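Undergrad:
2 protein chains.
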Amino acid sequence: MGTHAKVLKAGQMSLAKPTFPAPDHDHGRCTAEAMTHAEQVCARRAQKFTPIRRQVLQALLSSHRPLGAYEVIDELAKSMPRPAPITVYRALDFLMANGLVHRIESRNAFLACAHDHDETSMVAFLICDHCGSVGEIPAAPVAQSLTAAARASGFVPKLSVVEIAGTCAHCRK
Amino acid sequence: MGTHAKVLKAGQMSLAKPTFPAPDHDHGRCTAEAMTHAEQVCARRAQKFTPIRRQVLQALLSSHRPLGAYEVIDELAKSMPRPAPITVYRALDFLMANGLVHRIESRNAFLACAHDHDETSMVAFLICDHCGSVGEIPAAPVAQSLTAAARASGFVPKLSVVEIAGTCAHCRK
DNA sequence: CGGAATTCGTAAGCAAGCTTATTATATCCC
DNA sequence: GGGATATAATAAGCTTGCTTACGAATTCCG
Chain H
1 MGTHAKVLKA GQMSLAKPTF PAPDHDHGRC TAEAMTHAEQ VCARRAQKFT PIRRQVLQAL
61 LSSHRPLGAY EVIDELAKSM PRPAPITVYR ALDFLMANGL VHRIESRNAF LACAHDHDET
121 SMVAFLICDH CGSVGEIPAA PVAQSLTAAA RASGFVPKLS VVEIAGTCAH CRK
Chain Z
1001 MGTHAKVLKA GQMSLAKPTF PAPDHDHGRC TAEAMTHAEQ VCARRAQKFT PIRRQVLQAL
1061 LSSHRPLGAY EVIDELAKSM PRPAPITVYR ALDFLMANGL VHRIESRNAF LACAHDHDET
1121 SMVAFLICDH CGSVGEIPAA PVAQSLTAAA RASGFVPKLS VVEIAGTCAH CRK
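As they're listed, the protein sequences go chains H and Z.
1 is the number of the first residue of the first sequence in the working numbering; add one for each residue after it.
1001 is the number of the first residue of the second sequence in the working numbering; add one for each residue after it.
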C-alpha cells in the first residue's frame, strides 16, 4: 500500500487549510508564517514580542503536538541556558492572553495556534491518541447550540473546552 | 427552554430534575438516591461495592463540586485513618469504570454523577467559576455535529470532552 | 477445606505543574 | 538624565497527580 495520500475533503467548513497538518507539510514555512503573524498581532496591540516569548512560541511551533511546560523548558534548553519554570510560564501566559497559544486542558499542555482564526469564534481540538498531533476545527455552530442549552438552565457560559480524542487520518491505516 | 426528548430504557429514572442543583435542595436525599442507584448498578453488574468505594463515592457526593484526588483523601480522613493516594485512585477507577463518577479534565478532578443518565449518550459539563458546582446537560445533538465535523477531516473520534466554564444561575445575582 | 482471584493496605517515590520572593535589567517617557 | 514601569532572571519550594512494588486480607468457588 502506498501512501494513503488522501486529499482531505476541502468542502468542510469555512477554513482554507486542512484542519489537520499533513505529516509531510512544509513545516518550516508554516512556523515562519505563524511567527510573522505573531509579530503582527503584537505590533497591532502594542505588546512586546520579547526574545523569550518568541523562543517559547518557537518551541511550541516545533511540532503540532501540545507540549507540557517542562517539555517547553527542555526544548528551550537545547539552544540556551535552561530557563526556570516561572520564565516559561510567564511567556505562556502572555502568548495565551494574545491568542497565540491554546491550553489543552485534557493534557495540561500548550499548543501554538497555527491558523489565524477569528478570536471570538470557538474552536474544537482534535487530539490524535496515536501521533499526538492536534488539529483545530471551527466549532461555531456547535458552540451556539451548547450555549443555548446552557442558558436554558440559567448558566452563562464564558469559556468552552471542547477536546476530542481519537485517531487522525494519517495514523488510521 | 426546550424539553429534550427523553428516550429511556426500562428501569431508569427520568431526567426530570433541573440540570443545575439548587443551593437549597435536599442534599441528604439526593446523595441517598445516588447511593442506592450505585448499589443497583453494582448489583446488576455483579461488581463489588466495597466500603472504600462507597466512602469515596460518598465523599464526592458531599458536594456538587468536583474534588481533586487529594481533596477526596482529606474528606475521607475526617472519618477514618487517612487513606493512601493509591487507595483512593483505585476506588475512583472503579467508580469511573461503572459510570458513577466523571473525570473533569479541565480541573483534574472528579465528580459524582448525580443523575442516572444513559451511559451511551454524551454529556457536557457546566462548571460555575464562582461556586465551583457543576451541572450536566445532555449533549447528544452537539456530539453528533462535532463527530460529523471531525470525520470530515478524516478524524475518528473516540472520547469527547466538553466542559463549559461560566456562571451558574444561583451565583448570577 | 483450600487454592485462585480479587481487593486492599503499606511504603516509598517521582514528575509535572505552578508559586512566592527577591533582585536585576530593560524600556518608556517626561 | 532619571524616575516610573514593564519584563526577566535567580533561587527555592510547595502541591497535586499518579505510580511501582509487595505483602496481607478477603472473597469466590470447586
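Don't be surprised by glycine CBs; every beta carbon is placed ideally from N, CA and C.
Just so you know, these numbers come straight off a predicted model, no measurement behind them.
Along the chain, which unbroken stretches of the beta strand (DSSP E) at least 3 residues long are found entirely within the region 79–138 of chain H?
TA: Complete beta strand (DSSP E) runs here, min 3: 101–104, 109–112, 123–128, 134–138.
Undergrad: With H, G and I counted as helix, E and B as strand and the rest as coil, what does DSSP make of A22(H)?
TA: Coil.
Undergrad: Is the Cβ of P978(Z) closer than 7 Å to any Cβ of chain H?
TA: Residue 978(Z) is absent from the model: chain Z starts at 1001 and stops at 1173.
Undergrad: Does the distance from the C-beta atom of E136(H) to that of T19(H) stay below 7 Å?
TA: Cβ atoms of E136(H) and T19(H): closer than 7 Å.
Undergrad: Using the Cα positions of Q1144(Z) and Q1058(Z), report the straight-line distance between them to the nearest angstrom.
TA: Cα to Cα, Q1144(Z) sits roughly 33 Å from Q1058(Z).
Undergrad: Check each candidate in P1023(Z), Q1040(Z), A1169(Z) and name the one with the smallest Cα separation from L1126(Z).
TA: Checked all of P1023(Z), Q1040(Z), A1169(Z); the closest Cα to L1126(Z) is A1169(Z).
Undergrad: Can you tell me where the beta strand (DSSP E) with A165(H) in it begins and where it stops?
TA: Counting along the chain, the beta strand (DSSP E) containing A165(H) begins and ends at 156–167.
Undergrad: Give the straight-line distance between the Cα atoms of A84(H) and T1036(Z), rounded to the nearest whole angstrom.
TA: Whole-angstrom Cα-Cα distance: 50 Å.
Undergrad: Which first and last residues belong to the alpha helix (DSSP H) in which A1046(Z) is found?
TA: Looking at the DSSP string, A1046(Z) is not in any alpha helix (DSSP H), and its letter there is neither H nor E.
Undergrad: Any heavy atom of the ligand PLP closer than 6 Å to the Cβ of P66(H)?
TA: Judged by which ligands are present, the structure shown has none, so any question about the ligand PLP falls away.
Undergrad: Sorted by chain position, which residues of the same chain lie with C-beta nearer than 7 Å to T87(H)'s C-beta, five sequence neighbours on each side aside?
TA: Taken in chain order, the residues that qualify are I52.
Undergrad: Which residue marks the beginning of the alpha helix (DSSP H) containing S62(H), and which one marks its end?
TA: Here S62(H) belongs to no alpha helix (DSSP H), and DSSP marks it neither H nor E.
Undergrad: Looking at V1142(Z): is its Cβ nearer than 7 Å to the Cβ of L146(H)?
TA: Their beta carbons are under 7 Å apart, which means V1142(Z) touches L146(H) by this criterion.
Undergrad: Can the beta-carbon of F1049(Z) be found less than 7 Å from the beta-carbon of E1033(Z)?
TA: No, Cβ-Cβ distance for F1049(Z) and E1033(Z) is not below 7 Å.
Undergrad: Name the residue from N98(H), R172(H), C113(H), L60(H) whose alpha carbon lies nearest to the alpha carbon of P1157(Z).
TA: That would be R172(H), whose Cα lies nearest to the Cα of P1157(Z).
Undergrad: Please classify K1153(Z): does DSSP put it in a helix, a strand, or coil?
TA: At residue 1153(Z) the sequence reads Ser, which differs from the Lys that was named. Of the three classes helix, strand and coil, the one that applies to S1153(Z) here is coil, per DSSP.
Undergrad: Could you tell me if R107(H) is buried or exposed, where buried requires 16 or more neighbouring beta carbons within 10 angstroms of its beta carbon?
TA: When all chains shown are included, R107(H) counts as buried.
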